[in-house]
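Undergrad: Structure in structure tokens, see below.
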Amino acid sequence: MFTGIVEEVGEVVAVEDLGTDSRLVLRGPVVVPGTVHGASIAVDGVCLTVTTTDEPAGTFAADVMPETLRLTTLGDLRPGSRVNLERAARAGGRLDGHIVQGHVDGVGHLVSRTPGPRWDDLVLAAPADLLRYVATKGSVAVNGTSLTVTHVSDESFGVSLIPTTLEATNLGALEPGDRVNLEVDVIAKYVERLLEARS
Numbered sequence: 012m013f014t015g016i017v018e019e020v021g022e023v024v025a026v027e028d029l030g031t032d033s034r035l036v037l038r039g040p041v042v043v044p045g046t047v048h049g050a051s052i053a054v055d056g057v058c059l060t061v062t063t064t065d066e067p068a069g070t071f072a073a074d075v076m077p078e079t080l081r082l083t084t085l086g087d088l089r090p091g092s093r094v095n096l097e098r099a100a101r102a103g104g105r106l107d108g109h110i111v112q113g114h115v116d117g118v119g120h121l122v123s124r125t126p127g128p129r130w131d132d133l134v135l136a137a138p139a140d141l142l143r144y145v146a147t148k149g150s151v152a153v154n155g156t157s158l159t160v161t162h163v164s165d166e167s168f169g170v171s172l173i174p175t176t177l178e179a180t181n182l183g184a185l186e187p188g189d190r191v192n193l194e195v196d197v198i199a200k201y202v203e204r205l206l207e208a209r210s
């Protein structure tokens, strides 16, 4: 489990195409120290299992399965790509964002961004089957970043990025048309499932 509070913006060092799957090598000097084989790190909101680490180089490797490549933006990554990184939450730690599983629900894209005095307002398009879980003032994870929804329409939703988010995540560099990983609030999905079971 994650919180959606990005620890650092890392960099893709290498992408190894293994046919149907791939292996990523990523640089993350903040998240690598103390990380062991089998640990979980969210890469742009996608929970990946660490296969190897190189602490002196500040890098780690992770395998990416075909399903993950199909359902997320990880297949778009190239050496030099900047990615949001977050280690798994510790039991007993603070939950500063919201419950994020690292199980991406779908891919959306940036429609527009409007700069404010110290923040940016973003409008993101999302698939209709995901928008039903998005609520004004609710939470959504965009590239693994926990954000509060400002408004929702039939085709999109809005978020505002404070200066810290603009500086500490890769969302500050998004341009219209850029694809993003989306994870909706898991509680909304459970509520829907329980209501379906009752009827």
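Quick note on this note's numbering: the sequence shown kicks off at 12 and runs consecutively.
Note that the Cβ used here is the ideal one computed from N, Cα and C, for glycine as well.
Please classify residue 121: is it buried, with 16 or more other beta-carbons within 10 angstroms of its beta-carbon, or exposed?
TA: Buried, because 16 or more other Cβ atoms sit within 10 Å of the Cβ of residue 121.
Undergrad: Pair every Cβ in the stretch 49 to 56 with every Cβ in the stretch 102 to 110, then say whether three or more of these pairs are closer than 8 Å.
TA: Segments in contact, no.
Undergrad: Rounded to the nearest angstrom, how far is the Cβ of residue 149 from that of residue 192, given a contact under 8 Å?
TA: Residue 149 to residue 192, Cβ: 18 Å. No contact.
Undergrad: Residue 108: which of 153, 34, 190, 31 sits nearest, CA to CA?
TA: Checking every option, the nearest Cα to that of residue 108 belongs to 153.
Undergrad: So is residue 158 buried or exposed if we call it buried at 16+ other beta carbons inside 10 Å?
TA: So residue 158 counts as buried.
Undergrad: Measure the CB-CB distance between residue 69 and residue 98 and report whether it falls below 7 Å.
TA: The answer is no: Cβ separation not under 7 Å.
Undergrad: Considering only C-alpha positions, which residue in the set 72, 135, 196, 31 is nearest to residue 86?
TA: When each option's Cα is compared against that of residue 86, the closest is 31.
Undergrad: Which value, in whole angstroms, describes the spacing of the CA atoms of residue 136 and residue 166?
TA: Going from the Cα of residue 136 to the Cα of residue 166 covers about 6 Å.
Undergrad: By Cβ distance, which residues of its chain are closer than 7 Å to residue 134, with the 5 residues on each side in sequence left out?
TA: Result list for residue 134: 122, 123, 167, 169, in chain order.
Undergrad: Please look up how many angstroms separate the CB atoms of residue 42 and residue 59, rounded, as I've assumed it's under 8 Å.
TA: At roughly 11 Å, the Cβ-Cβ gap does not stay under 8 Å, so residue 42 and residue 59 are not in contact.
Undergrad: Given that a residue counts as buried once 16 or more other Cβ atoms are within 10 Å of its Cβ, and exposed if not, what is residue 198?
TA: So residue 198 ends up on the exposed side.
Undergrad: Taking Cβ to Cβ, would you say residue 36 is nearer than 7 Å to residue 25?
TA: Closer than 7 Å, so yes.
Undergrad: Of all the alpha helix (DSSP H) runs that stay within the bounds of the stretch 118 to 153, which reach a length of 4 or more residues?
TA: Qualifying alpha helix (DSSP H) stretches, in chain order: 139 to 142.
Undergrad: Might you give, ordered along the chain, the residues of its own chain that have their beta carbon closer than 6 Å to the beta carbon of residue 173, omitting 5 neighbours on each side?
TA: Once the five neighbours on either side are set aside, the close Cβ partners of residue 173 are 130.
Undergrad: Cα separation between residue 194 and residue 142?
TA: Cα to Cα, the separation comes out at about 11 Å.
Undergrad: Got a sec? Which residues, its chain only, sit under 8 Å from residue 112 by beta carbon, not counting five neighbours each side?
TA: Cβ neighbours of residue 112 beyond the five flanking positions: 12, 13, 58, 194, 197.
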